[in-house]
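Input: a single structure, listed below in structure tokens.
If you want it as structure tokens, here you go:
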């Protein structure tokens, strides 16, 4: 069987912020070669749109390129991305047509998978308790052997590992989360509240601030675009200082957070989105780092996969009891992928950004 | 009894690099008021000259000021500093005239101590096995209750705690030490070699490089003033990358170190001397910090005082067996204190900078 599949591709390597014109849509045909090859064709239902992908679309020489650590996106080819799909052509007896699978697929209508080589890069979703899209966000994800692939877009376990294992919270800690309405930030803030911390988030619009305070239970939140001086803003929201900073943005906000940290403060560096499109790097006051004995720790999910069962059990329970909310921002149709991606860097998304393909 | 005592004082708060003209020498008379007051007068033999003192000589508003954490040096008054001295007037039965004491005294000929309030800020040196000056450097120091006082100038235990407890070394680790001929750096490098690491140091002259390689046993060393590109320099000296960076300088070298760190690299931030006199702060690539899971940790000795016995026992053994060298740089006479201090920021000193007063 052969299917026609449209896919999003990169026209040129990106410098600075991405533009829709950096992308184009192409079409190809996918064909299952033989049953011996143990191939599947998956029709993608949802694909994930994540900031980390930008760093692989840059030239190798870019100082904000991640391509020295992972594969660079190739011009004209399909762009790999996490997705949830349905098996439509099945050449592997462990699956059957109609199975829901989550894995590392692509910004494309259909993905052809050689299950012998891709073993472990995807798995079947057995339960129908939660919407399939949750497996790209709040319930994402563990798939064995993803070490070689992108694990950065996996919101739920990233938030869990980053908050509980890197930040090492204590009840009553004052916690600051930047990009707090983003895919990881909103979950970190909700975990921190459940754990008994005081949580303030920053976001880029008044609607997002409203969401954080009124729907997600943050103690407070502010619109960073309305603040002229981040240092004063943090002093206002944290009169007793910050114990934990979960950093998704880098830049000036990291400097201001360090200036407002308490003794033995902990900073988990999860992302630096403000620096991905901008050359202005954070230049923190290292004298503060010394005198306040601050620890700044970069982390990647791949080192915390052993937490998967504990994460799933805890998070599913909270979802069942309505103690935690899944915040998703879903656009429709393959054609909307470039604008959805560009929007990440304008702060257009609220929560996990997905594109629904069917 | 009354003594005339000359002391060094600050004429104005310092901006940028210190100048000898920032200081002047004054004289006062010290008098033991009564035996009831339990006072001592100590004649200082050696006083310690340390970079951290600059940060207390700045205005409160300086971004490189430490005065928000500790006492600011007051204009016209004696400048406190670690010292070794001899008791010349004794109003406390726990001491006697002629006793050698080490403690937090000052850049002055004599220090008057109220032993009831200063209890624990100094102690008697009981052993004569090592030169008294060692207690300001390689064997410095634990004195109870120094929490409220400057502990930053205490080289030996700082190097020990910073290397073994903050850097968490493994045998075979590749270790980079900046300001490696400085008071702390030279000891860190020697500990790292004893522990079985590969150690490269940076320093500011060819004589210092020679000292590191030929006297202190560093595997390699380089003169940073002869390098135009720190990133390339570190690539040359660490073709397999850096596992541990013991940072005494901050600035550009910290950026280059982060660019050359290995996965799970650890950075102990002990000092940022390049930034004390310069507004150019380090702006590390946080994407490297994330992807390489680097930990950057500021530390102060005060949190590691429990290591004192283990540190002393280990270090005295190494000194006895000639496995570690005490590197001291001693100027003569109170009048040389301002130039000795200014010289710290020009890189004039080799090892622990002291001024001998008698």
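Protein chains in written order, with our numbering: chain A, 1 to 358; chain B, 1001 to 1358. Beta carbons are placed, not taken as given, at the ideal position from N, Cα and C, and that holds for glycine.
For this session: Express the C-alpha separation of residue 1260 of chain B and residue 1235 of chain B in angstroms, rounding to a whole number.
Result: Working through the second chain from its first residue, we reach residue 1235 of chain B at position 235. Working through the second chain from its first residue, we reach residue 1260 of chain B at position 260. One alpha carbon belongs to residue 1235 of chain B, the other to residue 1260 of chain B, and they sit about 7 Å apart.
Problem set entry | Residues that DSSP places opposite residue 1081 of chain B in a beta bridge | Working through the second chain from its first residue, we reach residue 1081 of chain B at position 81. In DSSP, residue 1081 of chain B forms a bridge with B:1105.
Problem set entry | Cα-Cα separation between residue 1070 of chain B and residue 1056 of chain B, rounded to whole angstroms | Working through the second chain from its first residue, we reach residue 1070 of chain B at position 70. Working through the second chain from its first residue, we reach residue 1056 of chain B at position 56. In this structure, the alpha-carbon of residue 1070 of chain B lies about 7 Å from that of residue 1056 of chain B.
Exercise. Is the shortest distance between the beta-carbon of residue 1284 of chain B and the beta-carbons of chain A less than 9 Å?
Worked result: Translated into positions along the second chain, residue 1284 of chain B becomes position 284. With 9 Å as the cut-off, residue 1284 of chain B counts as an interface residue toward chain A.
Problem set entry | Classification of residue 94 of chain A by the beta-carbon crowding that lies within 10 angstroms, buried from 16 upward | Residue 94 of chain A sits at position 94 when you count from the first residue of the first chain. With fewer than 16 Cβ atoms within 10 Å of its Cβ, residue 94 of chain A is classed as exposed.
Exercise. Residue 344 of chain A lies in the alpha helix (DSSP H); which residues open and close that run?
Worked result: Indexing the first chain from 1 puts residue 344 of chain A at position 344. Taken as a continuous stretch (DSSP letters only), the alpha helix (DSSP H) holding residue 344 of chain A covers 337–346.
Exercise. When the cut-off is 9 Å and only beta carbons count, does residue 275 of chain A lie next to chain B?
Worked result: Taking the first chain and counting its residues from 1, one reaches residue 275 of chain A at position 275. Yes, its Cβ sits closer than 9 Å to a Cβ of chain B.
Exercise. What residue does the beta strand (DSSP E) around residue 124 of chain A start on, and which one ends it?
Worked result: By one-based count along the first chain, residue 124 of chain A stands at place 124. It spans 122–124 - the beta strand (DSSP E) in which residue 124 of chain A sits, taken as one unbroken run.
For this session: Using 10 angstroms around the beta-carbon of residue 1275 of chain B, count the other beta-carbons present and answer buried if the total reaches 16, otherwise exposed.
Result: Residue 1275 of chain B sits at position 275 when you count from the first residue of the second chain. Flag for residue 1275 of chain B reads buried.
Problem set entry | residue 1060 of chain B classed as buried or exposed, judged by whether at least 16 other C-beta atoms fall within 10 angstroms | The count along the second chain starts at 1 and reaches residue 1060 of chain B at position 60. Per the 10 Å Cβ criterion, exposed.
Problem set entry | Whole-angstrom C-beta distance between residue 160 of chain A and residue 191 of chain A, which should lie under 8 Å | Mapped onto the first chain, residue 191 of chain A falls at position 191. Mapped onto the first chain, residue 160 of chain A falls at position 160. Residue 160 of chain A and residue 191 of chain A do touch by the CB rule: their CB atoms are close to 7 Å apart, below 8 Å.
For this session: Answer with yes or no whether the minimum CB distance from residue 1281 of chain B to chain A is below 9 Å.
Result: Against the second chain, residue 1281 of chain B aligns to sequence position 281. So yes, residue 1281 of chain B belongs to the interface.
Problem set entry | Candidates B:1130, B:1005, B:1028, of which the one nearest residue 1315 of chain B by Cα | The residue labelled residue 1315 of chain B in the question sits at position 315 within the second chain. The option with the nearest alpha carbon to residue 1315 of chain B is B:1130.
Problem set entry | Where residue 1011 of chain B falls: helix, strand or coil (DSSP) | In the second chain, the residue the question calls residue 1011 of chain B occupies position 11. Of the three classes helix, strand and coil, the one that applies to residue 1011 of chain B here is coil, per DSSP.
Exercise. Given residue 89 of chain A, which residues of its chain have a CB within under 6 Å of its CB, disregarding the five upstream and five downstream residues?
Worked result: Within the first chain, numbered from 1, the residue matching residue 89 of chain A stands at position 89. Excluding positions up to five away in sequence, the list reads 1, 32, 41.
Problem set entry | Outcome for residue 1353 of chain B when other beta-carbon atoms lying within 10 angstroms are tallied against a minimum of 16 | The residue you call residue 1353 of chain B lines up with position 353 of the second chain. With 16 or more other Cβ atoms within 10 Å, it is buried.
Exercise. Counting contacts by CB-CB distance shorter than 9 Å, is residue 1124 of chain B in contact with chain A?
Worked result: For this step, residue 1124 of chain B is matched to residue 124 along the second chain. Taking Cβ atoms only, chain A never reaches closer than 9 Å to residue 1124 of chain B, which makes this a no.
Exercise. Mapping DSSP to helix, strand and coil, what is residue 1168 of chain B?
Worked result: Residue numbering aside, residue 1168 of chain B sits at position 168 when the second chain is read from its first letter. Residue state, collapsed to three classes: coil.
Exercise. Tell me which same chain residues have a C-beta within less than 6 Å of the C-beta of residue 1327 of chain B, skipping the five on either side of it?
Worked result: What you label residue 1327 of chain B is simply residue 327 of the second chain in a count that begins at 1. Closer than 6 Å at Cβ, skipping near neighbours: 1186, 1351.
Exercise. By DSSP, does residue 1185 of chain B sit in helix, in strand, or in coil?
Worked result: As a position in the second chain, residue 1185 of chain B is number 185, starting the count at 1. Helix at residue 1185 of chain B.
Exercise. Do the stretch 197–215 of chain A and the stretch 170–178 of chain A make contact, defined as three or more Cβ pairs closer than 8 Å?
Worked result: yes
Problem set entry | Beta-carbon separation (whole angstroms), residue 1233 of chain B vs residue 1222 of chain B, contact threshold 8 Å | Position 233 of the second chain, counting from 1, holds the residue named residue 1233 of chain B. Position 222 of the second chain, counting from 1, holds the residue named residue 1222 of chain B. Between residue 1233 of chain B and residue 1222 of chain B, the beta carbon gap of about 6 Å places them in contact (Cβ cut-off 8 Å).
Exercise. Alpha carbon to alpha carbon, what distance is there between residue 1084 of chain B and residue 1049 of chain B?
Worked result: Within the second chain, the letter at position 49 stands for residue 1049 of chain B. Within the second chain, the letter at position 84 stands for residue 1084 of chain B. Looking at the two C-alpha atoms, the distance is approximately 12 Å.
Exercise. What's the call for residue 264 of chain A, buried or exposed, on a 16-neighbour Cβ count within 10 Å?
Worked result: Working through the first chain from its first residue, we reach residue 264 of chain A at position 264. It is exposed - the Cβ of residue 264 of chain A has fewer than 16 other Cβ atoms within 10 Å.
Exercise. Which parts of the stretch 241–294 of chain A are runs of the alpha helix (DSSP H), unbroken and 4 residues or longer, counting only runs that do not cross its ends?
Worked result: 251–259, 273–276, 286–291
For this session: Compute the distance between the beta-carbons of residue 1337 of chain B and residue 1047 of chain B, then report whether it is under 9 Å.
Result: For the purposes of this step, residue 1337 of chain B is identified with residue 337 of the second chain, where counting begins at 1. For the purposes of this step, residue 1047 of chain B is identified with residue 47 of the second chain, where counting begins at 1. Residue 1337 of chain B places its beta carbon less than 9 Å from that of residue 1047 of chain B.
Exercise. Nearest to residue 297 of chain A by alpha carbon, out of B:1291, B:1302, B:1301?
Worked result: Here residue 297 of chain A refers to the residue found at position 297 of the first chain. When each option's Cα is compared against that of residue 297 of chain A, the closest is B:1291.
For this session: Give the DSSP-derived three-state secondary structure of residue 32 of chain A in the structure shown.
Result: Residue 32 of chain A sits at position 32 when you count from the first residue of the first chain. Coil, per DSSP.
Problem set entry | residue 289 of chain A versus residue 178 of chain A: straight-line alpha-carbon distance, rounded | Against the first chain, residue 289 of chain A aligns to sequence position 289. Against the first chain, residue 178 of chain A aligns to sequence position 178. Roughly 19 Å separates the two Cα atoms.
Exercise. What does residue 299 of chain A reach in chain B if we use C-beta pairs closer than 8 Å?
Worked result: As a position in the first chain, residue 299 of chain A is number 299, starting the count at 1. Result: 1290, 1293.
Problem set entry | Residue interval of the beta strand (DSSP E) (run including residue 356 of chain A) | Looking up residue 356 of chain A in the first chain gives position 356. Per DSSP, residue 356 of chain A belongs to the beta strand (DSSP E) from 352–356.
Exercise. Residues in its own chain within less than 8 Å of residue 1251 of chain B by CB, not counting five upstream and five downstream?
Worked result: One-based indexing of the second chain puts residue 1251 of chain B at position 251. Here the set comprises 1272, 1274, 1275, 1278, 1280, 1281, 1282.
For this session: Could you spell out the range, first to last residue, of the alpha helix (DSSP H) harbouring residue 1237 of chain B?
Result: Taking the second chain and counting its residues from 1, the one referred to as residue 1237 of chain B is at position 237. Segment 1230–1237, the alpha helix (DSSP H) holding residue 1237 of chain B.
For this session: Please state if the CB of residue 1138 of chain B and the CB of residue 1162 of chain B are separated by a distance shorter than 9 Å.
Result: Walking along the second chain from the start, residue 1162 of chain B turns up at place 162. Walking along the second chain from the start, residue 1138 of chain B turns up at place 138. In this structure, residue 1138 of chain B does not lie closer than 9 Å to residue 1162 of chain B by Cβ.
Exercise. CB-CB under 7 Å to residue 1344 of chain B, same chain, minus the five flanking residues each way: which ones, in chain order?
Worked result: Here residue 1344 of chain B refers to the residue found at position 344 when the second chain is read from its first residue. The residues are 1049, 1051, 1353.
Exercise. At least one CB of chain A closer than 9 Å to the CB of residue 1150 of chain B: is that the case?
Worked result: Locating residue 1150 of chain B in the second chain gives position 150, where the first residue counts as 1. Only weak support is given to the placement of residue 1150 of chain B: the predicted model assigns it a pLDDT of 46, under 50, and the question is left unresolved by the model.
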